[in-house]
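Quick notes on the structure that follows.
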Amino acid sequence: MSDLMEQATASNVAEYSVSELSGALKRTVEDAFGHVRVRGEISGYRGPHSSGHAYFALKDDKARLEAVVWRGSFGKLAFKPEEGLEVIATGKLTTFPGSSKYQIVIEAMEPAGAGALMALLNERRLKLEAEGLFAAERKRPLPFLPRVIGVVTSPTGAVIRDIRHRIADRFPLHVLVWPVRVQGETCGSEVSAAIEGFNAIPPGGKIPRPDVIIVARGGGSLEDLWGFNDEAVVRAAAASDIPLISAVGHETDWTLIDHAADRRAPTPTGAAEMAVPVRADLVAMLAAIEARSGAAISRTLQAERRAVANLARALPSADALLALPRRRLDEADAALERNQRLLIGERRRRLSESGLLLSPARLESSIRDKRADLRHLDSILIHRLDSALRELRHDLDRLGSSLRPHIVTQRSGEARHRLATASDRMDRAFSAVQERRRASLAGAWRVASSLDPRQVLERGYAIIRGENDVPITRAEDLVPGSSFEIEFARGHRRAAIAAAPDADAVPTAKPAKGAKKAKREQMDVVQGDLF
Numbered sequence: 001m002s003d004l005m006e007q008a009t010a011s012n013v014a015e016y017s018v019s020e021l022s023g024a025l026k027r028t029v030e031d032a033f034g035h036v037r038v039r040g041e042i043s044g045y046r047g048p049h050s051s052g053h054a055y056f057a058l059k060d061d062k063a064r065l066e067a068v069v070w071r072g073s074f075g076k077l078a079f080k081p082e083e084g085l086e087v088i089a090t091g092k093l094t095t096f097p098g099s100s101k102y103q104i105v106i107e108a109m110e111p112a113g114a115g116a117l118m119a120l121l122n123e124r125r126l127k128l129e130a131e132g133l134f135a136a137e138r139k140r141p142l143p144f145l146p147r148v149i150g151v152v153t154s155p156t157g158a159v160i161r162d163i164r165h166r167i168a169d170r171f172p173l174h175v176l177v178w179p180v181r182v183q184g185e186t187c188g189s190e191v192s193a194a195i196e197g198f199n200a201i202p203p204g205g206k207i208p209r210p211d212v213i214i215v216a217r218g219g220g221s222l223e224d225l226w227g228f229n230d231e232a233v234v235r236a237a238a239a240s241d242i243p244l245i246s247a248v249g250h251e252t253d254w255t256l257i258d259h260a261a262d263r264r265a266p267t268p269t270g271a272a273e274m275a276v277p278v279r280a281d282l283v284a285m286l287a288a289i290e291a292r293s294g295a296a297i298s299r300t301l302q303a304e305r306r307a308v309a310n311l312a313r314a315l316p317s318a319d320a321l322l323a324l325p326r327r328r329l330d331e332a333d334a335a336l337e338r339n340q341r342l343l344i345g346e347r348r349r350r351l352s353e354s355g356l357l358l359s360p361a362r363l364e365s366s367i368r369d370k371r372a373d374l375r376h377l378d379s380i381l382i383h384r385l386d387s388a389l390r391e392l393r394h395d396l397d398r399l400g401s402s403l404r405p406h407i408v409t410q411r412s413g414e415a416r417h418r419l420a421t422a423s424d425r426m427d428r429a430f431s432a433v434q435e436r437r438r439a440s441l442a443g444a445w446r447v448a449s450s451l452d453p454r455q456v457l458e459r460g461y462a463i464i465r466g467e468n469d470v471p472i473t474r475a476e477d478l479v480p481g482s483s484f485e486i487e488f489a490r491g492h493r494r495a496a497i498a499a500a501p502d503a504d505a506v507p508t509a510k511p512a513k514g515a516k517k518a519k520r521e522q523m524d525v526v527q528g529d530l531f
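Numbering-wise (the UniProt record's numbering), the sequence shown opens with residue 1 and increments by one.
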């Protein structure tokens, strides 16, 4: 009896599907913990997923809570999660029915106290220093006199005004400002993008490329300056091809970009003083150098004049200088004449010897030898021609035997068969192409016929055209006294709008019946004139 009662009680309990129960739990958790702040240590963080979301866990010494930061919220975080960092996360609890887990969806996150920020800053500094981003050999000297200065700062603060006024006082030149937020969640990404943007400007383009970059901001707390401790900002400053001056905060404020920059300025005004020299000092220095250079040139010219005068006194006369070259010229002339006589005698001797070799007997002997050579070559040529003719006759006989009538007939039959087969295939292909072209043309003709305006006119419509065959589409365009043309499905008709009666005329008496009839006849005449 008790078993029957237990079975009846169990059958009265509501039955849920797994999805229904998971959904009910999800709604219960989200309603009860719609907005919470959780303090814990980040565990299992491996960076953002390829989708842009970040998955990790918050834990303490007794429990563990799964956490997720969606891509939209991840980009707005004041600082990025790091393994082992204690944080205070703000968000809402929810469940993940696929694996029966609950988790917190984080919307905002901050370190758990200033000590945690300093620990995070020190850890990040040691990491970047180990990579060599702060090495002294990476730092480059600033240009002595830049033509363009790029400034990365807020366009509305006092910093940019101080920099511009200081540069204008010392050495006026072109200042290019890249506006960024110098505090807040997007500060780091905007500053790094500005540094990379200045480096991406091509030399000689419409926008001048800066010769030096100043990253500047006024003083503030550690949290206010946290954007300049961002890893992306430090890497962008270290990778900059343009020399970079860091002027963030006051002289006692230090950020990670100060270590990666080529120079650190105590204040934004100090950065402007580092970037450009004083023009008045340069002008004075150039004037002093010009004066010293003029005096040195005068002294050098006087010394050279004295040296030339001394050398002129020591030089011998022109006759003494030319005596030796004149003697050498006379000796060379005499030697040339002797050598010329010897050369002429030698050429005459060789000519006489050549004349003796050209006697008639010697020529006849040479001719006989050449004739014997020609006869020998003639006999060789005749022998080779006979051999070639015999080979050609042999080839012709073999070719003639292969061209017998039955072989020619067989080969021509095969060729005719192949030709007939090819002709049939070509006819079938031409017929198929022709049918496809006819079908395509018929479809195009049907589309064109459906778009023909005359088809619309066949259904009782008409087209009214005014002057210069311009279609009239509005009733107010038909003014009294105007003429127009009506196009029907079959034919055209000219028509005109009768002039409207004078509205200002006041009738003095009731028209008679004859007058009404005459008026109707007159209207009929006007109406008949429409066509």
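Virtual Cβ for every residue (Gly too), placed ideally from N, Cα, C. Keep in mind the model is a prediction, meaning the values are calculated, not measured.
Express the C-alpha separation of L65 and residue 536 in angstroms, rounding to a whole number. No statement about residue 536 is possible, as the shown extent of the chain runs from 1 to 531 and does not include it.
What number of angstroms, rounded off, separates the C-alpha of S352 from the C-alpha of R390? One C-alpha to the other measures close to 56 Å.
Is it buried or exposed, A503, if we count other Cβ atoms within 10 angstroms and call 16 or more buried? Below a pLDDT of 50, predicted positions are generally treated as unreliable, and A503, at 46, falls in that range; no measurement from the model is reported.
Leaving aside the five residues before and after W70 along the sequence, list all residues of the same chain whose C-beta is less than 6 Å from its C-beta, in chain order. Counting only residues of its own chain and dropping the five nearest sequence neighbours on each side, W70 has a CB closer than 6 Å to the CB of H53.
Within 10 Å of its beta-carbon, does N229 have 16 or more other beta-carbons around it, so buried, or fewer, so exposed? Around the Cβ of N229, a 10 Å sphere holds 16 or more other Cβ atoms; the residue is buried.
Helix or strand or just coil, what does DSSP make of Q183? Of the three classes helix, strand and coil, the one that applies to Q183 here is coil, per DSSP.
When R418, V68, A462, R368 are compared against I106, the one with the closest alpha-carbon: It is V68.
Tell me the DSSP secondary structure of F430 in three-state form. In this structure, F430 counts as helix in the three-state DSSP scheme.
Stretch pair the stretch 233-249 + the stretch 189-208: three plus CB contacts closer than 8 Å: They touch, by the three-pair rule.
7 Å Cβ shell around A505 - same chain, five flanking residues per side excluded: Reliability fails at A505, whose pLDDT of 44 lies under 50, so the model's placement of it is uncertain and the value that follows must be treated cautiously. Within the same chain, A505 has no close Cβ partners at all.
Starting from K101, trace the alpha helix (DSSP H) in both directions and tell me its first and last residue. It is not in any alpha helix (DSSP H) - K101 instead sits in the beta strand (DSSP E) that spans 101-111.
Which runs of the beta strand (DSSP E) at least 3 residues long sit entirely within the UniProt domain "OB-fold nucleic acid binding" (16-110)? Give them in chain order. As far as the UniProt domain "OB-fold nucleic acid binding" (16-110) is concerned, its whole beta strand (DSSP E) runs of at least 3 residues are 36-43, 54-59, 64-69, 86-96.
Which residues bound the alpha helix (DSSP H) around T153? Looking at the DSSP string, T153 is not in any alpha helix (DSSP H); the run it does join, the beta strand (DSSP E), is 148-153.
Measuring alpha carbon to alpha carbon, tell me which residue in L121, G184, A334 is nearest H259. Measuring from the Cα of H259, the nearest candidate turns out to be L121.
Which parts of the stretch 334-416 are runs of the alpha helix (DSSP H), unbroken and 4 residues or longer, counting only runs that do not cross its ends? 360-402, all fully within the stretch 334-416.
C-beta contact flag for S482 and G466 at 9 Å: It is a contact, given that the beta carbons lie within the stated cut-off.
Going residue by residue through the stretch 121-180, where are the continuous beta strand (DSSP E) segments of at least 3 residues, counting only ones entirely within it? DSSP assignment within the stretch 121-180 yields the following whole beta strand (DSSP E) runs of 3 residues or more, N-terminal first: 148-153, 174-179.
CA-CA distance, Q527 and A498? Low confidence applies here, because Q527 scores a pLDDT of 44, under 50, leaving its location unreliable; read the following figure in that light. Straight across, the Cα-Cα distance linking Q527 with A498 is about 8 Å.
Backbone secondary structure at A509 - three-state DSSP: For A509, the predicted structure reports a pLDDT of 44, less than 50, and the residue's modelled location is therefore unreliable. The matter cannot be settled from this model.
Rounded to whole angstroms, what's the CA-CA distance from D469 to R436? Just pull it up for me. Cα-Cα distance, rounded: 40 Å.
Who are the near neighbours of K510 in its chain, counting only those whose CB is closer than 7 Å to its CB and skipping five residues on each side? Unreliable placement is indicated for K510, whose pLDDT of 46 sits below 50; no coordinate value is reported for it.
Could you please give the first and the last residue of the uninterrupted beta strand (DSSP E) stretch that includes L478? Bounds of any beta strand (DSSP E) do not take in L478, whose DSSP letter is neither H nor E.
Taking DSSP's pairing of strands, which residues face S246 in a bridge? Under DSSP, S246 forms a beta bridge with V215, R264.
Under 9 Å between C-beta atoms of P268 and R217: Yes.
Once DSSP output is grouped into helix, strand and coil, what is the label at A323? DSSP places A323 within a helical segment (H, G or I) once states are collapsed to three.
Quick one: residues in its chain with C-beta nearer than 6 Å to the C-beta of A78, no 5 flanking neighbours on either side, listed in chain order? Taken in chain order, the residues that qualify are E185.
What's the gap between the Cα of L126 and the Cα of D31? Their Cα atoms are separated by approximately 44 Å.
From A272, S73, P316, residue whose alpha carbon lies closest to that of V152: The residue with the shortest Cα to Cα distance from V152 is A272.
Opening and closing residue of the beta strand (DSSP E) in which E223 lies: Careful: E223 lies outside any beta strand (DSSP E) and carries neither H nor E.
Smallest Cα separation from T156: which of V177, I257, I149? Among V177, I257, I149, the Cα nearest to that of T156 belongs to V177.
Would a C-beta distance cut-off of 9 Å place I213 and I149 closer than the cut-off? Yes.
How is the beta strand (DSSP E) around E487 delimited, first residue to last? Its beta strand (DSSP E) spans residues 483-487.
Taking the straight line between their C-alpha atoms, what separation do you get for P111 and T252? Going by the C-alpha atoms only, they are around 23 Å apart.
Span separating the alpha-carbon of R349 from that of N339: Computed Cα separation, rounded: 16 Å.
Quick check on R418: does DSSP put it in helix, strand or coil? R418: helix per DSSP, three-state reduction.
With three or more C-beta pairs closer than 8 Å as the rule, is the stretch 15-22 touching the stretch 91-103? Segments in contact, yes.
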